[in-house]
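Respectively, the protein sequence lines represent chains A and B. If you're matching positions, the first sequence starts at 0 in numbering that gives the first Met the number 0 and goes up one per residue. If you're matching positions, the second sequence starts at 0 in numbering that gives the first Met the number 0 and goes up one per residue. Report on the structure given below.
Number of protein chains: 2
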Amino acid sequence: MQNTDDISKKPLTSAMEDYLEAIFNLGKEKRVVRVKDIAKRLGVKMPTVTSMLKVLSKRELIDYEKYEYLELTEKGIDVGREIHRRHHILRSFLTDILNIDFKKADEEACKMEHAVSASTLDRFIEFMEFVQFCPRVGLDWLKYFDEYRLHGQDPDKCLARMKEFAGGFKVRINTMEEVGEEK
Amino acid sequence: MQNTDDISKKPLTSAMEDYLEAIFNLGKEKRVVRVKDIAKRLGVKMPTVTSMLKVLSKRELIDYEKYEYLELTEKGIDVGREIHRRHHILRSFLTDILNIDFKKADEEACKMEHAVSASTLDRFIEFMEFVQFCPRVGLDWLKYFDEYRLHGQDPDKCLARMKEFAGGFKVRINTMEEVGEEK
DNA sequence: AAACTATGTTTTAGATGCCTAACTATCACC
DNA sequence: GGTGATAGTTAGGCATCTAAAACATAGTTT
């Protein structure tokens, strides 16, 4: 049988997670996953990829024979998908809630995805759902955040905007559909 | 050409930041900072601390002579304070906005503080200020988030609560009448 | 002062993760 | 089938971060 003692218990490193995510994504984008592409995606050299592939193979996260095409195992797919999911959620938070541009958000999400636990990630999801679920307190409210950011917290301006906001809010509550929005 | 003492340009590692933050905090808590205390705080062994102290000393982030008490340099204080600040901000976000309990939030903040850039951190701050700054859309709204989390996104409940919410909101808006101005 | 204890350091070593240089396999094409 | 370009691997090294064991120092107690 397999080496059952420690391998399965040892937690994955951030680097391993990055590789699995990259392989997972490349697998969706291309017919085959190549060492060269992984290297390019992660900004490392090919030998670095090769050595990591050996590790991932030993951990049974990929099927890998040298010079052959590589594939994620089921276990590897699970991890890759999970990291991809984290990345996506955090990036959404950064772009949709904090209004950070996509490129920057993508970079930050890439670092954050290893730092945030599953349970905290769930809270991020719930929070975003919460913000989006109630239309008036959702998207338009966030539009106001944009203005707040750009003009600072001038109390007068805040109050003025609050009033407009309140008017729209009341009407919207009664209809509760179509969120006609654009930035 | 700039190979030798170009230490000032090399970025600090996460580990270095952790040590500086720990030293910064211990300096505020105790009269003197001891190797033993740093080790305990960071969950590492004393030899690990000693070797890191040498690195930090070479980088001119601490004043350190062996067997003597150690102190942060001005540069070290700046970094230590900055990391402490990041930690505090992220933890506040996790506790105040996402409603995560303190202990968990503290752990997560500790990992996130190295992953989030200064500009993104600023957005976190602005967002929290934004949420808190507008009373009705602020604290009470977050109280509703708590309920949303616990009871799920039942549309009926959401609507019911939204109506109450809107009522309160309107009252509050009216009491702010006199200051209302426009840009 | 000698002995004892707590604290700190050195030495050695292991795990990661990255690199360059040099080698080898694969594939497309003539 | 040979050949050259491309892709992939191996070998050897470097930097970082860690710990165990052995050793050194400082401070306290008797």
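Using N, Cα and C, we set each Cβ at its ideal position, and we do this for glycine too. Just so it is clear, the structure is predicted and the values come from calculations on it, not from any experiment.
I'd like the span of the alpha helix (DSSP H) that includes Tyr18 of chain B, first residue to last.
In the second sequence, the residue the question calls residue 18 of chain B occupies position 19. In this chain, the alpha helix (DSSP H) harbouring Tyr18 of chain B covers Ser13 to Glu28.
Can you give the Cα-Cα distance for Ser50 of chain B and Ile76 of chain B, rounded to whole angstroms?
As a first step, residue 50 of chain B is located in the second sequence; it is residue number 51 there, counting from the start. As a first step, residue 76 of chain B is located in the second sequence; it is residue number 77 there, counting from the start. If you take the alpha carbons of Ser50 of chain B and Ile76 of chain B, they lie about 20 Å apart.
Considering only their Cβ atoms, is the gap separating Ile37 of chain B from Leu71 of chain B smaller than 7 Å?
If you number the second sequence from 1, residue 71 of chain B lands on position 72. If you number the second sequence from 1, residue 37 of chain B lands on position 38. The answer is no: Cβ separation not under 7 Å.
Quick check: is the beta carbon of Phe126 of chain B nearer than 7 Å to any beta carbon in chain A?
For this step, residue 126 of chain B is matched to residue 127 along the second sequence. Yes, its Cβ sits closer than 7 Å to a Cβ of chain A.
Using the C-alpha atoms, what's the distance from Ala108 of chain B back to Asp121 of chain A?
Counting from one through the first sequence, the residue named residue 121 of chain A turns up at place 122. Counting from one through the second sequence, the residue named residue 108 of chain B turns up at place 109. Computed Cα separation, rounded: 16 Å.
Leaving out the 5 sequence neighbours to the left and right, which residues in its chain are closer than 6 Å to Glu68 of chain B when beta-carbon positions are compared?
Taking the first residue of the second sequence as 1, we reach residue 68 of chain B at position 69. The sequence shown places Tyr at residue 68 of chain B, rather than the Glu named in the question. So the qualifying residues of the chain are Val31.
Can you have a look at Glu180 of chain A and say buried or exposed, based on whether 16 or more other CB atoms are within 10 angstroms of its CB?
Residue 180 of chain A sits at position 181 when you count from the first residue of the first sequence. For Glu180 of chain A, the predicted structure reports a pLDDT of 33, less than 50, and the residue's modelled location is therefore unreliable. The matter cannot be settled from this model.
Assuming Thr49 of chain A is part of the alpha helix (DSSP H), what are its boundary residues?
Reading the first sequence from its first residue, position 50 is the one you call residue 49 of chain A. Unbroken alpha helix (DSSP H) run through Thr49 of chain A: Met45 to Lys57.
Among B:Ala117, B:Ile61 and B:Lys65, which has the Cα closest to the Cα of Pro46 of chain B?
Walking along the second sequence from the start, residue 46 of chain B turns up at place 47. Nearest of B:Ala117, B:Ile61 and B:Lys65 to Pro46 of chain B, Cα basis: B:Lys65.
Mind listing which residues of the stretch 86-99 of chain A have their C-beta closer than 9 Å to chain B's C-betas, in chain order?
Leu93, Ile96, Leu97, Asn98 and Ile99
Is it the case that the Cβ atoms of Glu20 of chain A and His87 of chain A are separated by a distance below 7 Å?
Against the first sequence, residue 20 of chain A aligns to sequence position 21. Against the first sequence, residue 87 of chain A aligns to sequence position 88. Result no, Cβ atoms of Glu20 of chain A and His87 of chain A do not sit closer than 7 Å.
Run through chain A and tell me which residues come within less than 8 Å of Glu107 of chain B, C-beta to C-beta.
On the second sequence, position 108 is the one that residue 107 of chain B refers to. Those within 8 Å of Glu107 of chain B in chain A are Ala114, Val115, Ser116 and Thr119.
Evaluate Thr12 of chain B with the Cβ neighbour count: other Cβ atoms within 10 Å of its Cβ, from every protein chain shown; 16 or more gives buried, anything less gives exposed.
Translated into positions along the second sequence, residue 12 of chain B becomes position 13. Classification for Thr12 of chain B: exposed.
Give the straight-line distance between the Cα atoms of Ala117 of chain B and Tyr18 of chain B, rounded to the nearest whole angstrom.
Walking along the second sequence from the start, residue 117 of chain B turns up at place 118. Walking along the second sequence from the start, residue 18 of chain B turns up at place 19. Approximately 19 Å, taken between the alpha carbons.
Any beta carbon from chain A within less than 7 Å of Arg122 of chain B's own beta carbon?
Locating residue 122 of chain B in the second sequence gives position 123, where the first residue counts as 1. With 7 Å as the cut-off, Arg122 of chain B counts as an interface residue toward chain A.
By the 10 Å Cβ neighbour count, where 16 or more other Cβ atoms means buried, how is Glu16 of chain A classified, buried or exposed?
Locating residue 16 of chain A in the first sequence gives position 17, counting from the first residue. With a threshold of 16 other beta carbon atoms within 10 Å, Glu16 of chain A meets it and is buried.
Beta-carbon within less than 7 Å of Phe92 of chain A's beta-carbon, same chain only, minus the 5 sequence neighbours each way: which residues are those?
Here residue 92 of chain A is taken as the residue at index 93 of the first sequence, counted from 1. Its chain contains Phe123 and Met127 as the residues whose beta carbon lies nearer than 7 Å to that of Phe92 of chain A, once the 5 sequence neighbours on both sides are disregarded; these appear in chain order.
Note down the Cα distance separating Ala104 of chain B from Glu125 of chain B, rounded to an integer number of angstroms.
Reading the second sequence from its first residue, position 105 is the one you call residue 104 of chain B. Reading the second sequence from its first residue, position 126 is the one you call residue 125 of chain B. Cα to Cα, Ala104 of chain B sits roughly 19 Å from Glu125 of chain B.
With 7 Å set as the bound, which would you pick, yes or no: does the beta-carbon of Lys44 of chain B sit closer than that to a beta-carbon of chain A?
Translated into positions along the second sequence, residue 44 of chain B becomes position 45. Chain A contact via Cβ: absent.
Can you round the beta-carbon distance between Val130 of chain B and Ile99 of chain B to whole angstroms, since I take them to be within the 8 Å contact cut?
The count along the second sequence starts at 1 and reaches residue 130 of chain B at position 131. The count along the second sequence starts at 1 and reaches residue 99 of chain B at position 100. Not quite, the Cβ-Cβ distance comes to about 15 Å (not below 8 Å), so this is no contact.
Give me the Cα-Cα distance between Arg80 of chain A and Glu106 of chain B, rounded to the nearest whole angstrom.
Walking along the first sequence from the start, residue 80 of chain A turns up at place 81. Walking along the second sequence from the start, residue 106 of chain B turns up at place 107. Approximately 24 Å, taken between the alpha carbons.
Check the Cβ-Cβ distances between Met111 of chain B and every residue of chain A, and say whether any is below 7 Å.
The residue you call residue 111 of chain B lines up with position 112 of the second sequence. So yes, Met111 of chain B belongs to the interface.
Report back the beta-carbon spacing between Arg85 of chain A and Val115 of chain A to the nearest angstrom; my notes put them in contact at under 8 Å.
Taking the first residue of the first sequence as 1, we reach residue 85 of chain A at position 86. Taking the first residue of the first sequence as 1, we reach residue 115 of chain A at position 116. For Arg85 of chain A against Val115 of chain A, the beta-carbon gap comes to about 7 Å, under 8 Å, which counts as contact.
So for Asp62 of chain B, helix, strand or coil by DSSP?
Mapped onto the second sequence, residue 62 of chain B falls at position 63. DSSP, read as helix, strand or coil, puts Asp62 of chain B in strand.
Taking the Cβ atom as the reference point for each residue, do Gly60 of chain B and Lys74 of chain B lie within a distance shorter than 7 Å?
Position 61 of the second sequence, counted from the first residue, corresponds to residue 60 of chain B. Position 75 of the second sequence, counted from the first residue, corresponds to residue 74 of chain B. Checking the sequence, you will find Leu at residue 60 of chain B rather than Gly. Contact: yes.
Buried or exposed, going by whether 16 or more other CB atoms sit within 10 Å of the CB of Leu52 of chain B?
Reading the second sequence from its first residue, position 53 is the one you call residue 52 of chain B. By the neighbour-count rule (16 or more Cβ atoms within 10 Å), Leu52 of chain B is buried.
What residue from A:Arg33, A:Pro10, A:Lys110 and A:Met111 has the CA that sits closest to Arg58 of chain A's CA?
Here residue 58 of chain A refers to the residue found at position 59 of the first sequence. For the residues A:Arg33, A:Pro10, A:Lys110 and A:Met111, the minimum Cα distance to Arg58 of chain A belongs to A:Pro10.
Cα separation between Thr94 of chain A and Phe101 of chain B?
As a working mapping, residue 94 of chain A is identified with position 95 in the first sequence. As a working mapping, residue 101 of chain B is identified with position 102 in the second sequence. Near 26 Å, if we compare the C-alpha coordinates of Phe101 of chain B and Thr94 of chain A.
Closest Cβ-Cβ distance between Pro10 of chain B and chain A: below 7 Å?
Position 11 of the second sequence, counted from the start, is the residue given in the question as residue 10 of chain B. False, the Cβ-Cβ gap to chain A never drops below 7 Å.
Just verifying my parser: in three-state terms, what is the DSSP assignment at Glu70 of chain A?
One-based indexing of the first sequence puts residue 70 of chain A at position 71. DSSP places Glu70 of chain A in strand when its eight states are reduced to three.
Helix, strand or coil for Arg33 of chain A, going by three-state DSSP, please let me know.
Taking the first sequence and counting its residues from 1, one reaches residue 33 of chain A at position 34. Reduced to three states, the DSSP call for Arg33 of chain A is coil.
For Glu112 of chain B, does the count of other Cβ atoms within 10 angstroms reach 16, so buried, or fall short, so exposed?
Stepping through the second sequence from its first residue, residue 112 of chain B is reached at position 113. Per the 10 Å Cβ criterion, buried.
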